[in-house]
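Chemist: Line by line, the protein sequences give chains A and B. Read left to right, the first sequence gives residues -6 to 405 (the working numbering). Read left to right, the second sequence gives residues -6 to 405 (the working numbering). For every residue, glycine included, the Cβ atom is placed at its ideal position computed from N, Cα and C.
Number of protein chains: 2
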Amino acid sequence: MRTEIISIGSELLLGQIANTDARYLSQELAKIGIDVFYHTVIGDNRVRFLEALQIASKRSDMVITTGGLGPTMDDITKDVIAEFLKLEMVLHEESLDKIQKYFNSMNRTMDDINIKQAIFPKGATILPNEKGTAPGAIVSKDNITYLILPGPPHELIHMFENYALDYLKEYSNEVIHSRVIKIYGMGESTVESNIRDILLTQNNPTIAPLATGGEMSLRITAKTDKNSDPIELIAPVEKEILNRLGDVVYGYDDDTLEGVLMSELIKLDKTISIAESCTGGLIANLLTNIPGSSRAFKEGLITYSNEAKVKYLNVSQDTLRQWGAVSRQTAHEMIDGLLKATGTDMGIAVTGIAGPDGGTLEKPVGLVYIAVGLGSNVQVNEFHFTGDRLKIKQATSKAALNMARRMLASFY
Amino acid sequence: MRTEIISIGSELLLGQIANTDARYLSQELAKIGIDVFYHTVIGDNRVRFLEALQIASKRSDMVITTGGLGPTMDDITKDVIAEFLKLEMVLHEESLDKIQKYFNSMNRTMDDINIKQAIFPKGATILPNEKGTAPGAIVSKDNITYLILPGPPHELIHMFENYALDYLKEYSNEVIHSRVIKIYGMGESTVESNIRDILLTQNNPTIAPLATGGEMSLRITAKTDKNSDPIELIAPVEKEILNRLGDVVYGYDDDTLEGVLMSELIKLDKTISIAESCTGGLIANLLTNIPGSSRAFKEGLITYSNEAKVKYLNVSQDTLRQWGAVSRQTAHEMIDGLLKATGTDMGIAVTGIAGPDGGTLEKPVGLVYIAVGLGSNVQVNEFHFTGDRLKIKQATSKAALNMARRMLASFY
Chain A
-6 MRTEIISIGS ELLLGQIANT DARYLSQELA KIGIDVFYHT VIGDNRVRFL
44 EALQIASKRS DMVITTGGLG PTMDDITKDV IAEFLKLEMV LHEESLDKIQ
94 KYFNSMNRTM DDINIKQAIF PKGATILPNE KGTAPGAIVS KDNITYLILP
144 GPPHELIHMF ENYALDYLKE YSNEVIHSRV IKIYGMGEST VESNIRDILL
194 TQNNPTIAPL ATGGEMSLRI TAKTDKNSDP IELIAPVEKE ILNRLGDVVY
244 GYDDDTLEGV LMSELIKLDK TISIAESCTG GLIANLLTNI PGSSRAFKEG
294 LITYSNEAKV KYLNVSQDTL RQWGAVSRQT AHEMIDGLLK ATGTDMGIAV
344 TGIAGPDGGT LEKPVGLVYI AVGLGSNVQV NEFHFTGDRL KIKQATSKAA
394 LNMARRMLAS FY
Chain B
-6 MRTEIISIGS ELLLGQIANT DARYLSQELA KIGIDVFYHT VIGDNRVRFL
44 EALQIASKRS DMVITTGGLG PTMDDITKDV IAEFLKLEMV LHEESLDKIQ
94 KYFNSMNRTM DDINIKQAIF PKGATILPNE KGTAPGAIVS KDNITYLILP
144 GPPHELIHMF ENYALDYLKE YSNEVIHSRV IKIYGMGEST VESNIRDILL
194 TQNNPTIAPL ATGGEMSLRI TAKTDKNSDP IELIAPVEKE ILNRLGDVVY
244 GYDDDTLEGV LMSELIKLDK TISIAESCTG GLIANLLTNI PGSSRAFKEG
294 LITYSNEAKV KYLNVSQDTL RQWGAVSRQT AHEMIDGLLK ATGTDMGIAV
344 TGIAGPDGGT LEKPVGLVYI AVGLGSNVQV NEFHFTGDRL KIKQATSKAA
394 LNMARRMLAS FY
């Protein structure tokens, strides 16, 4: 099954957004053994879209379009596909009804232009959009399947998972399964030299290393026919990699450092509080992104100013004067004060210089102290991060979450 | 000048990475008036790449390739372009020398396979790669220019800025300028009905609406020849749109709600503190992403638990008992307590139900109260947001930042 993804939108050709829809679909289609051979991006232009459909219909068995389903004049996807396939456009009453209800639920009035979103090429199977007003559709003609999906990623993902996936699985004879090993605290080349022999000899499963955002991952992908289980091919390779890498492996697949820490805290029935200076709320934000986090997360104190460090965390004026706000001593007093003030089992305190201003020769931008406490056990580490303000905030947060994860693991 | 970007790499078709190269190039080419009409992605496959070059050579005047310049067998870009253009491949001694030196500088030995990276189609102009081992190239034949660039984004960006850009500017007789109007608090279809006549009659500048992440933007793009100023075409249209939309317009181009609020606070020499329940630190995190925010941002209190609301914000137990933590009354007491406890000029307090658990019939997931205070002026609004936990946190943060922005604007 040769599949082509055609994304329609001038915003893609102007570089306003990256084509994350094509990436997502490619990833999901790979999992069910459907090969994507082409991505094509064109603007909101009827003639060029018709030409792209002409090309795709000669080289592909399935064409997936993303975007161009909105209510405005620019949104031409369904019209052009109908023109290309010589199909009439007809109103789908049920969709109109749903769009109407969607507007009602948001306490808004439906504009006339939204009626367009309920009109489809005749004979299309409609895919409901539960996250927006643009339903998708499937049309087949001359042995080619056209899957029409909306552009906004959250709408596309929900529709694909809930309405398109089962339909597509029927087209595939293979199963592909991937398992991602998530690694923090070991660089790409070190990971690679540790497992080079495995990387060189494997072809099913394959192993793809990827470094992003200060973390590393290894994607192990196995392919079998529909009657076998690719997980059986993955398991022994995964086990060997874990043996080699040890506890820099913090999780799998969609796991995050904050998610792993939070679920451990909830499992152990422990509470946590955070005192943040340079990260300005990022660590608390990450932890409270996890559903159910209110069971473990109690308080966050963003003590940006020195006064706040004194007032809430009882950091002494002497320490601030003698060692400065960004110092091992201040970090230590912050964690002590935090655990005392909040009474939680665990605490994280950070102080550092995120830049771009505020750095000196002795204390440059990127200098960060992270303190983690669990009961009476306290650990303070010094870090030197590089990059811009956001990079330093992110790197600090990951290092802090990882210190907390490891401390928790070493005691329980 | 019709330009097509062809990105070569199976990792793109497997969805392992998004095509950020095509995005970057599109953005940069738009700035110098070169129109990108197509993005094409294909795998590391000779036949399909030849076919893609065939298609591109019929519809485009310039073809930019990204990727496939590495030393391995998979890297076929230069070979296939030479085959397509019927050009010999020849060694470029100067590049070989540089690759050798690059390896020396990293204290590594050059492998024989890297020699391949110094071989190019005959007649090519070589573009040095100062960030890696794969030089790029420019080849022209039959009135079509082929610009060959490496895949890794930092190599591509450096080469483009330093070696390709000046070359490309000569191809353009036009200048394109874009101005983005950023809008919060008015839906896509309402914005569009307000300016429909402008949208219908304009073709230079063009106006492209885009809705993302609960916000709207209008990109006004004007094109002139090199001797005129496109800004002169944009200004009157921009002015008319501002007149129609009023103060839902919060900024321009890369402006964000948090950036606009923060720079107003700094300009007015006012301080701010935040008390967050359901957003769990996100508002503070956004505000402290802004460089220089420590001048205005003083304290953030993430009062996730009821005890924290009482302890830090002096919310009364009675209020919590009678009205609940998620109520107009609690939000009001939170903002009063926050301003009193922190002594800052301005405050934002939020309480709500981010879900997925914790909702009831009377207080469903997505119910949020936002209180904003400036001196003795306090405003409390009720919101009903939809979506998952992260969406509700984001929507709440944007609404809160916007309320603060508008309150500040109404007093100063």
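(1) Could you please tell me which residues of the stretch 177 to 203 of chain A, in chain order, have their CB closer than 9 Å to any CB of chain B?
(2) Starting from B/T379 and walking both ways along the alpha helix (DSSP H), at which residues does that stretch end?
(3) Should B/L401 and B/E251 be called a contact, given that it needs their Cβ atoms to be closer than 7 Å?
(4) Which parts of the stretch 276 to 300 of chain B are runs of the alpha helix (DSSP H), unbroken and 4 residues or longer, counting only runs that do not cross its ends?
(5) At a CB-CB cut-off below 7 Å, which residues of chain A make contact with B/K291?
(6) Can you tell me the Cα-Cα spacing of A/G340 and A/G293, whole angstroms?
(7) Report buried or exposed for B/M66, applying the criterion of at least 16 other Cβ atoms within 10 angstroms of its Cβ.
(8) Which residue marks the beginning of the beta strand (DSSP E) containing B/D218, and which one marks its end?
(9) Under a CB-based cut-off of 7 Å, is B/N12 close to chain A?
(10) What is the rounded straight-line gap between the Cα of B/K333 and the Cα of B/S369?
(11) B/P202 lies in the beta strand (DSSP E); which residues open and close that run?
(12) Taking 7 Å as the CB-CB limit, is A/G207 close to chain B?
(13) Taking 7 Å as the cut-off, decide whether the C-beta atoms of B/S19 and A/L7 are in contact.
(14) Name the residue from B/N100, B/T249 and B/F96 whose alpha carbon lies nearest to the alpha carbon of B/I106.
(15) Taking A/E268 as the reference, give the member of A/N197, A/A301 and A/V242 with the closest Cα.
(16) Could you name the residues of chain A that B/N370 contacts, counting a contact when the two beta carbons are closer than 8 Å?
(17) What in chain A is Cβ-close to B/S19, meaning under 8 Å?
(18) Is it true that the stretch 143 to 162 of chain B meets the stretch 172 to 179 of chain B, where meeting means three or more beta-carbon pairs spaced less than 8 Å apart?
(19) Would you call the stretch 243 to 260 of chain B and the stretch 274 to 294 of chain B touching, i.e. three or more CB-CB distances under 8 Å?
(20) How many whole angstroms separate the CB atoms of A/P121 and A/K71, which I take to be in contact at a CB cut-off of 8 Å?
(21) With burial defined as no fewer than 16 other Cβ atoms inside 10 Å of the residue's Cβ, what is the status of A/D37: buried or exposed?
(22) Our contact map puts B/G274 next to A/L275 with C-beta atoms below 8 Å; I'd like the distance itself, whole angstroms only.
(23) Do the stretch 205 to 225 of chain B and the stretch 133 to 143 of chain B touch if we need at least three Cβ pairs shorter than 8 Å?
(24) How many angstroms separate the CA atom of A/M99 from the CA atom of B/D246?
(25) Sort B/I119, B/R212 and B/E81 by Cα distance to B/V242 and report the nearest one.
(26) So, at 8 Å on beta carbons, what are the nonlocal neighbours of A/T102 in its own chain, with the 5 sequence-adjacent residues on each side left out?
(27) Based on the DSSP output, what are the partners of B/A364 in its beta bridges?
(28) For B/D311, count neighbouring Cβ atoms within 10 angstroms of its own Cβ and tell me buried if that reaches 16, exposed if not.
(29) Assuming contact is defined by CB atoms lying nearer than 7 Å, are A/T199 and A/S171 in contact in what I supplied?
(30) Determine whether the Cβ of A/A23 lies closer than 7 Å to any Cβ atom of chain B.
(31) Cβ of A/A111 within 7 Å of Cβ of A/L78?
(32) With a floor of 3 residues, list each beta strand (DSSP E) that falls wholly inside the stretch 122 to 173 of chain B, ordered by position along the chain.
(33) Return the first residue and the last residue of the alpha helix (DSSP H) that B/M327 is part of.
(34) In chain order, what residues of the stretch 54 to 73 of chain A put their CB closer than 8 Å to some CB of chain B?
(35) Under 9 Å Cβ-Cβ, which residues of chain B neighbour A/F30?
(36) Using a Cβ cut-off of 7 Å (strictly closer), state whether B/L275 contacts chain A.
Modeler: This is what the structure holds:
(1) Of all residues in the stretch 177 to 203 of chain A, only A201 and L203 place a beta-carbon less than 9 Å from a beta-carbon of chain B.
(2) B/T379 -> no alpha helix (DSSP H), and no H or E assigned at all.
(3) no
(4) none
(5) Y297, S298 and A301
(6) 10 Å
(7) exposed
(8) It spans E208 to D218 - the beta strand (DSSP E) in which B/D218 sits, taken as one unbroken run.
(9) yes
(10) 11 Å
(11) T199 to T205
(12) no
(13) yes
(14) The shortest C-alpha to C-alpha distance from B/I106 to any of B/N100, B/T249 and B/F96 is the one to B/F96.
(15) The question names Glu, but residue 268 of chain A is Ala in the sequence shown. Considering only alpha carbons, the answer is A/A301.
(16) Residues of chain A passing the Cβ test: none, with the nearest at roughly 24 Å.
(17) L5, L6, L7 and G8
(18) no
(19) Segments in contact, yes.
(20) The Cβ separation is near 15 Å, so there is no contact.
(21) buried
(22) 7 Å
(23) no
(24) 28 Å
(25) B/R212
(26) F96
(27) DSSP lists B/A342 and B/V373 as the beta-bridge partner residues of B/A364.
(28) exposed
(29) no
(30) yes
(31) no
(32) 129 to 134 and 137 to 142
(33) Element bounds for B/M327: R321 to T335.
(34) So the list reads G63, P64, T65, M66 and D67, given in the order they occur along the chain.
(35) In chain order: L6, I35, G36, N38 and R41.
(36) yes
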